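First up is the structure itself, then whatever we jot down about it.
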Amino acid sequence: DFLKSTALVSAGIDFIADTSFAAPKRKQKPNILYLMTDQHRGDCMGCAGNKVIKTLHLDSIAKDGVVFSNAYSSTPSCTPARSALLTGLSPWHHGMLGYGRVADKYPFELPQALRDAGYYLFGIGKMHWYPQKKLRGYHGILLDESGRAETPGFVSDYRLWFKRQAPELNPDATGIGWNDYRAKTYVLPERLHPTRWTADRAVDFIEKYNRSKPFLLKVSFARPHSPYDPPKRFMDMYNEDEMPRPYVGNWAARYAEHKDPPNPSLWHGDLGVRQAKKSRRGYYASITFIDEQIGRILAALKKRGMYDNTLIILFSDHGDMLGDHHLWRKTYAYEGSANVPMLLCWPKSMRMKHQRGKTLPQPVELRDVLPT
1 DFLKSTALVS AGIDFIADTS FAAPKRKQKP NILYLMTDQH RGDCMGCAGN
51 KVIKTLHLDS IAKDGVVFSN AYSSTPSCTP ARSALLTGLS PWHHGMLGYG
101 RVADKYPFEL PQALRDAGYY LFGIGKMHWY PQKKLRGYHG ILLDESGRAE
151 TPGFVSDYRL WFKRQAPELN PDATGIGWND YRAKTYVLPE RLHPTRWTAD
201 RAVDFIEKYN RSKPFLLKVS FARPHSPYDP PKRFMDMYNE DEMPRPYVGN
251 WAARYAEHKD PPNPSLWHGD LGVRQAKKSR RGYYASITFI DEQIGRILAA
301 LKKRGMYDNT LIILFSDHGD MLGDHHLWRK TYAYEGSANV PMLLCWPKSM
351 RMKHQRGKTL PQPVELRDVL PT
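Each residue of the sequence shown is one higher than the one before, starting from 1 at the first, in full-length UniProt numbering.
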């Protein structure tokens, strides 16, 4: 069948670009690289037209492939979005209409389907499903769940590694929490940051991969989701004055709630333009930090001669309001929350109707990554 013969359903390319992609016959199946960011706004890439943010390596993927300018998360919250990616189903059919635990098992899941099609699957970073150590068709996973422990006794691979590397240090020493609106420079050595850890594990996987099977490698960064805690050298790349102002509609301004002092994990409240710009500075710097790590992963592929036979897709589960309409975090049906980045770069041997470097305006969803 189509899945077993090409395994390209994982990129949704038969559906995602209005059936304009065509997969030719080939002896060697492509490797697949999933690059996932968390809470990443669709307008926060240079290739999306943002003149302030520095995303050299994301832009290089776009240059070698295409950008979907109207990519959306139909339910812009963590676990519903990830259920759509896992199953290719709408919220009404996968059952996650709001935040909660991903079902223990769905009748059809992408990882198991690709495993059945002859792929070796490995996941690194934030999976955010339940139980947290469940493989769901992956041959192996290394987890960074951002300190979240939803399974009794669970400790992430990142936290275990951190304890071995720096037993005298606290991984949360920077002092800002998950869902915090504040931004602060990471106070520990950069090599200990979870963003760096995730990329290091991915590079190591690529450098050592020696199986005859093609692989699917999912690299799922836990940032730029708050805490906005990039290392200093990335924070220093930006200043508050150059940050875009939050967009506030007339009605939002009229009914604004002023929070003083605010709850660090608030959902809504007028914290002022200056605070919104401070938050955005940390957010932009976190994305640039991720971008550099993605560059290292791409370089590892090229060094192994794998880049030209790897299907690369980058996406996020949802965006971040960052003070737009005096709203914070996600779950809202506004552009800041629902619009997500989506990049697709295909192997050189694959024939496509679209030219590389194009921006495609067709509306797409996360569930289109695995067309129903």
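Every residue, glycine too, gets a C-beta built ideally from N, C-alpha and C. Predicted model only: the values in this text are computed from it and were never measured.
Legend entry - alpha helix (DSSP H) runs contained entirely in the segment 296 to 325, provided each spans 4 or more residues: none
Inset, instruction - Taking all protein chains shown into account, decide if Y119 is buried (16 or more other Cβ within 10 angstroms of its Cβ) or exposed. - result: Looking up residue 119 in the sequence shown gives position 119. Result: buried.
Inset, instruction - For the beta strand (DSSP E) holding C345, just list the boundary residues, first then last. - result: Locating residue 345 in the sequence shown gives position 345, counting from the first residue. Looking at the DSSP string, the run of the beta strand (DSSP E) that includes C345 is M342 to C345.
Inset, instruction - Express the C-alpha separation of N210 and H268 in angstroms, rounding to a whole number. - result: To locate residue 268, count along the sequence shown from 1; it is residue 268. To locate residue 210, count along the sequence shown from 1; it is residue 210. So the two alpha carbons sit approximately 50 angstroms from each other.
Legend entry - Residue interval of the alpha helix (DSSP H) (run including R254): Indexing the sequence shown from 1 puts residue 254 at position 254. Its alpha helix (DSSP H) spans residues N250 to R254.
Inset, instruction - Excluding the 5 residues preceding and the 5 following T19 in the sequence, name in chain order all residues of the same chain whose CB lies nearer than 7 angstroms to its CB. - result: The count along the sequence shown starts at 1 and reaches residue 19 at position 19. Low local confidence applies: a pLDDT of 35 at T19 is under 50, so the model's placement there is unreliable, and no value is given.
Inset, instruction - For P171, I'd like the list of residues in its chain whose CB is within less than 6 angstroms of its CB, leaving aside the five on either flank, ordered along the chain. - result: As a working mapping, residue 171 is identified with position 171 in the sequence shown. Answer for P171: F162, listed in chain order.
Legend entry - Inter-stretch contact (C-beta, 8 angstroms, three-pair minimum) for the segment 56 to 75 and the segment 233 to 244: no
Legend entry - Proximity of P194 and D144 at Cβ, strictly below 8 angstroms: In the sequence shown, the residue the question calls residue 194 occupies position 194. In the sequence shown, the residue the question calls residue 144 occupies position 144. The answer is yes: Cβ separation under 8 angstroms.
Inset, instruction - Could you say which of P231, V155 and P189 lies nearest to L142 if we only look at CA atoms? - result: Counting from one through the sequence shown, the residue named residue 142 turns up at place 142. Per the Cα distances, V155.
Inset, instruction - Please go through the same chain and pick out, in chain order, the residues whose beta-carbon is closer than 7 angstroms to the beta-carbon of N50, but skip the five residues on each side of it. - result: Within the sequence shown, residue 50 is the residue found at index 50, counting from 1. The answer, listed in chain order, is D43 and C44.
Legend entry - Exposure label - G153; buried when at least 16 CB within 10 Å: The count along the sequence shown starts at 1 and reaches residue 153 at position 153. Its Cβ having fewer than 16 others within 10 Å, G153 is exposed.
Legend entry - Residue-chain proximity (Y228, chain C), Cβ-Cβ < 8 angstroms: Any reference to chain C falls outside this structure, which holds one protein chain only.
Inset, instruction - Determine the closest residue to S69 out of R367, R351 and L344, with distance taken between C-alpha atoms. - result: Here residue 69 refers to the residue found at position 69 when the sequence shown is read from its first residue. Ranking R367, R351 and L344 by Cα distance to S69 puts L344 first.
Legend entry - Buried or exposed by the 16-neighbour rule on C-beta atoms within 10 Å, applied to W328: Position 328 of the sequence shown, counted from the first residue, corresponds to residue 328. By the 10 Å Cβ count, W328 comes out buried.
Inset, instruction - Given a cut-off of 8 angstroms, decide if I297 and F221 are closer than it, judged by their beta-carbon atoms. - result: Here residue 221 refers to the residue found at position 221 when the sequence shown is read from its first residue. Here residue 297 refers to the residue found at position 297 when the sequence shown is read from its first residue. In this structure, I297 does not lie closer than 8 angstroms to F221 by Cβ.
Legend entry - A22 versus K134 - alpha carbon distance: Taking the first residue of the sequence shown as 1, we reach residue 22 at position 22. Taking the first residue of the sequence shown as 1, we reach residue 134 at position 134. Bear in mind that a pLDDT of 46 at A22, under 50, signals an unreliable position, so the model cannot answer this.
Inset, instruction - Can you give me the Cβ contacts of P24 inside the same chain, cut-off strictly under 7 angstroms, excluding the 5 residues immediately before and after it? - result: Position 24 of the sequence shown, counted from the start, is the residue given in the question as residue 24. In this predicted model, P24 has a pLDDT of only 48, less than 50, meaning its place in the structure is not dependable; the value taken from the coordinates is given anyway. Closer than 7 angstroms at Cβ, skipping near neighbours: M350 and R351.
Inset, instruction - Name, in chain order, the residues that DSSP records as bridge partners for T359. - result: Taking the first residue of the sequence shown as position 1, residue 359 is located at position 359. BP columns for T359 point to V67.
Legend entry - Backbone CA spacing between Y228 and I53 [nearest angstrom]: The residue you call residue 228 lines up with position 228 of the sequence shown. The residue you call residue 53 lines up with position 53 of the sequence shown. Going from the Cα of Y228 to the Cα of I53 covers about 15 angstroms.
Legend entry - Pair within 8 angstroms by beta-carbon distance, G319 and V340: Position 319 of the sequence shown, counting from 1, holds the residue named residue 319. Position 340 of the sequence shown, counting from 1, holds the residue named residue 340. Against a cut-off of 8 angstroms, the Cβ pair of V340 and G319 comes out as a contact.
Inset, instruction - Give me the Cα-Cα distance between G46 and E365, rounded to the nearest whole angstrom. - result: Position 46 of the sequence shown holds residue 46. Position 365 of the sequence shown holds residue 365. Cα-Cα distance, rounded: 21 angstroms.
Legend entry - Beta-carbon proximity check, residue 383 vs D317, cutoff 8 angstroms: As displayed, the chain neither begins before 1 nor continues past 372, which places residue 383 out of reach and without an answer.
Inset, instruction - Could you check if P167 is buried or exposed, using at least 16 other CB atoms within 10 Å of its CB as the buried criterion? - result: The residue labelled residue 167 in the question sits at position 167 within the sequence shown. The residue in question, P167, is exposed, as its Cβ has fewer than 16 Cβ neighbours within 10 Å.
Inset, instruction - Quick one: grab the DSSP three-state call for D270. - result: In the sequence shown, the residue the question calls residue 270 occupies position 270. Correct three-state label for D270: strand.
Legend entry - Exposure of residue 377, with buried meaning 16 or more beta-carbon neighbours within 10 Å: Absent from the structure is residue 377, since the part of the chain shown begins at 1 and ends at 372.
Legend entry - Boundaries of the beta strand (DSSP E) in which I141 is found, first to last residue: As a working mapping, residue 141 is identified with position 141 in the sequence shown. I141 -> beta strand (DSSP E) spans G140 to L143.
Legend entry - Proximity to D236 [Cα-Cα], best of R41, P189, I312 and R281: The residue you call residue 236 lines up with position 236 of the sequence shown. Taking only the C-alpha atoms, the option nearest D236 is R281.
Inset, instruction - On a CA-only basis, which of T359, P264 and Q28 is nearest I176? Give me that one, please. - result: Within the sequence shown, residue 176 is the residue found at index 176, counting from 1. Selected option, being the one with the closest Cα: P264.
Inset, instruction - Look at Y35 and V219 and say whether their C-beta atoms are less than 8 angstroms apart. - result: Numbered from its first residue, the sequence shown carries residue 35 at position 35. Numbered from its first residue, the sequence shown carries residue 219 at position 219. Looking at the sequence shown, residue 35 is not Tyr but Leu. Yes. Within cutoff.
Legend entry - Three-state class that DSSP yields for Y283 in the structure shown: Sequence index remark: in the sequence shown, residue 283 carries index 283 (1-based). Here Y283 sits in helix by DSSP.
Inset, instruction - Taking all protein chains shown into account, decide if L160 is buried (16 or more other Cβ within 10 angstroms of its Cβ) or exposed. - result: The residue given as residue 160 occupies position 160 in the sequence shown. With fewer than 16 Cβ atoms within 10 Å of its Cβ, L160 is classed as exposed.
Inset, instruction - Answer yes or no: do M321 and Y332 have a C-beta to C-beta separation smaller than 8 angstroms? - result: Position 321 of the sequence shown, counted from the start, is the residue given in the question as residue 321. Position 332 of the sequence shown, counted from the start, is the residue given in the question as residue 332. Result yes, Cβ atoms of M321 and Y332 sit closer than 8 angstroms.
Legend entry - Residues near T213 in its chain [Cβ-Cβ closer than 8 angstroms; skip 5 each side]: Along the sequence shown, one-based indexing puts residue 213 at 213. Just to set this straight, residue 213 is Lys in the shown sequence, not Thr. Closer than 8 angstroms at the Cβ level, and outside the excluded window around K213, lie G118, Y119 and Y120.
Inset, instruction - Take E190 and list the residues in its own chain whose beta-carbon comes closer than 7 angstroms to its own, dropping the five residues that flank it on each side. - result: Residue mapping note: residue 190 aligns to position 190 of the sequence shown, counting from 1. Closer than 7 angstroms at the Cβ level, and outside the excluded window around E190, lie R196 and P231.
Legend entry - Given G137 as reference, the closest of L314, T288 and L86 once Cα atoms are compared: Numbered from its first residue, the sequence shown carries residue 137 at position 137. Comparing Cα-Cα distances from G137 to each of L314, T288 and L86, the minimum goes to L86.
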